[in-house]
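Undergrad: Mapping of the sequence shown onto mature numbering (1 follows the signal peptide of the UniProt record, and there is no 0): residues -20 to -1, 1 to 376, in sequence order. Provided herewith is a single structure, encoded as structure tokens, for subsequent inquiry.
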Amino acid sequence: MSLLRLLSISLLMACSYFFASDMYAPSLPVMSEALNVSSTAVQQTVSAFFIALGLSQLMCGAVAERFGRRPIAILGAVIFIIGSALCLHADQLSGLIIGRTVQGIGVGALFLLCRTIMQDSLTKEQLVDVMSWFSILFMCLPASTPAIGGYLESHFGWHSSFWFMLGLAILLFVVIVLGLKETHLEKNIHATKPRVVARDYTMIATNPQFLRYLIMMVMANGGALVFYLMGAFIANEQYHLPVQYFGLSSLLLIGCSLCARIFYIRFLKYTQTEGRIIKAASCIMLLGALTILSNTVFHSMATIIIGMGIYCFGAGLTTSVVAVSALYLFPKHKGQTGALFGSLQMVGIFTLTFIVSHLASIEWMMACVLVTMALLNISVQRWWNDNSLVLMKSGC
């Protein structure tokens, strides 16, 4: 399988997560009215997706080691199709939650394997270089998908986002069946044994460095989700901002994340230690959160968006270091490490979105959540070993 085909399939599989996770966020106020439920209730569809996605990755890590990547990827695409169809035909909140849960199971397998098939096929040095540029797209997609969702909702209704997801799922199924070859040739027949699974996951989950990486990823990636969940209602109810314009505000987050990634690649990657980069990034995230908190005085939607842009710049620096480094903590357990790292991130995101869904969607509350997240990220630095070596081209 050529490198171009491998990277194209991997990117398409990753898109399943970015479109399914928050594409329909700008439609949440409209959906709450259409389904005749509260804003708190409709936000549970996001939480259901993330908990299902996290558990799915946890299971698929060992299963993919035992049976290979290709059959699990095909199964994930089929489940994604079923979940999207269920969401389309849901006329009650309970049906939508079921559909989102099924979507999460399928997307969990696809998102885990999009990274794993590259680890199987590329050397460590090649993967670090590829991920340096891939992660730019991975940062842009979470911010661009709500803009697409907002446009579709304003022209075709809230169901249009799920039609888009269904089309993507069908495309994924066709591409994987016709284009993806098996990348894991030395299968581990013992990988799914309960004792082996428990031993491997315990070893990984109790590693202090792994836990630090995990907390930082949740705090970095969770900031944008807090903005999408709470900011959608703040923009609509307090500032009367149309849905499509709130979706377009995410373009600023794209720019800030993109700038952070390029700044890391050009100026920081080979000159600064991980600890220094992470500490600086955490302070930038806190500055962004405090900017939003100051809006309780200024009362401007522009201030909120600027604050989120600053927060996302710091988050972009954080994930630049953490995303790749975490995957190489246990080189002999690639599938399990990626699965546990991904699933625990989703559990963390689920916990965050669950808490946020029970809070009032008002400015000062959103600001307090973001400040708390940034402070937690900073507190992790107290235990960070700043004696780490300057990052080399190998990504070590």
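The C-beta atom is built at its ideal place from N, Cα and C for all residues, glycine as well.
#1: With 16 as the cutoff for other CB atoms within 10 Å, does P174 come out buried or exposed?
#2: Distance check for S(-19) and S337, CA to CA, integer angstroms please.
#3: Which residue's Cα is closest to the Cα of V17: I77, A(-7) and R50?
#4: Within this structure, are the beta carbons of Y181 and V302 separated by less than 7 Å?
#5: Would you kindly work out how many angstroms separate the C-alpha atoms of A295 and P188, rounded to a whole number?
#6: Taking DSSP as the reference, what is the three-state secondary structure of Q24?
#7: By how many angstroms is the C-alpha of T253 removed from the C-alpha of C263?
#8: With 16 other CB atoms within 10 Å as the buried threshold, where does A185 fall?
#9: Counting pairs of beta carbons, one from the stretch 227 to 236 and one from the stretch 339 to 358, are three or more of them closer than 8 Å?
#10: Hey, out of A44, L(-10), A28 and S7, whose CA is closest to Q316's CA?
#11: Which whole runs of the alpha helix (DSSP H) in the stretch 115 to 199 are 4 residues long or more, in chain order?
#12: Figure out for me which residue from F207, G56 and H220 has the closest Cα to the Cα of V154.
#13: With a 10 Å radius around its C-beta and 16 neighbouring C-beta atoms as the bar for buried, classify P15 as buried or exposed.
#14: If you measure between the beta carbons of P122 and P6, is that distance less than 7 Å?
#15: According to DSSP, is Y219 part of a helix, a strand, or is it coil?
#16: I believe V223 touches E166 by the beta-carbon criterion, under 8 Å. Please report the beta-carbon distance rounded to the nearest angstrom.
#17: According to DSSP, is F310 helix, strand or coil?
#18: Over the uninterrupted alpha helix (DSSP H) stretch that includes S88, give me the two end residues.
#19: Do you know how far the Cα of I285 is from the Cα of H279?
#20: For V58, which option in G88, C120 and P9 has the closest C-alpha, if you only look at C-alpha atoms?
#21: Quick check on DSSP: helix, strand or coil for M346?
#22: Distance, Cα to Cα, V277 vs S64?
#23: Quick one: Cα of L146 to Cα of M265, how far?
#24: Whole angstroms are fine: how far does the CA of C120 sit from the CA of K249?
#25: Might you give, ordered along the chain, the residues of its own chain that have their beta carbon closer than 7 Å to the beta carbon of S(-11), omitting 5 neighbours on each side?
#26: How long is the line joining the alpha carbons of G130 and L8, rounded to whole angstroms?
#27: Residues in the same chain with beta-carbon distance under 8 Å from I169, minus the five sequence neighbours each way, listed in chain order, please.
#28: Out of S27, V22, E343 and Y4, point me to the one whose CA is closest to T333's CA.
#29: Roughly how many whole angstroms lie between the Cα atoms of T251 and S305?
#30: Do you know how far the Cα of I342 is from the Cα of L273?
#31: Short of 7 Å in beta carbon distance, which residues of its chain neighbour S141, apart from the five on each side in sequence? Order them along the chain.
#32: Checking 7 Å against the spacing of the C-beta atoms, do L92 and A319 come in under that value?
#33: Can you give me the C-alpha to C-alpha distance between I156 and L117, rounded to a whole angstrom?
#34: Residue range of the alpha helix (DSSP H) that N275 falls in?
#35: Closer than 7 Å by C-beta to R(-16): which residues in its own chain qualify, once you throw out the five before and the five after it? Chain order, please.
#36: Under 7 Å between the Cβ atoms of L205 and A240?
TA: A quick look at the data gives this:
#1: exposed
#2: 44 Å
#3: I77
#4: no
#5: 21 Å
#6: helix
#7: 16 Å
#8: exposed
#9: no
#10: A44
#11: 139 to 159 and 174 to 185
#12: G56
#13: Here the sequence assigns Leu to residue 15, which means Pro is not the residue at that position. By the neighbour-count rule (16 or more Cβ atoms within 10 Å), L15 is buried.
#14: no
#15: coil
#16: The Cβ separation is near 50 Å, so there is no contact.
#17: coil
#18: It is Gly, not Ser, that sits at residue 88 in the sequence shown. It spans L73 to S101 - the alpha helix (DSSP H) in which G88 sits, taken as one unbroken run.
#19: 12 Å
#20: G88
#21: helix
#22: 42 Å
#23: 35 Å
#24: 20 Å
#25: C94, I97 and M98
#26: 10 Å
#27: R46
#28: S27
#29: 16 Å
#30: 11 Å
#31: M3, Y4, S7, G129, L132 and E133
#32: yes
#33: 21 Å
#34: N275 to F278
#35: G159
#36: no
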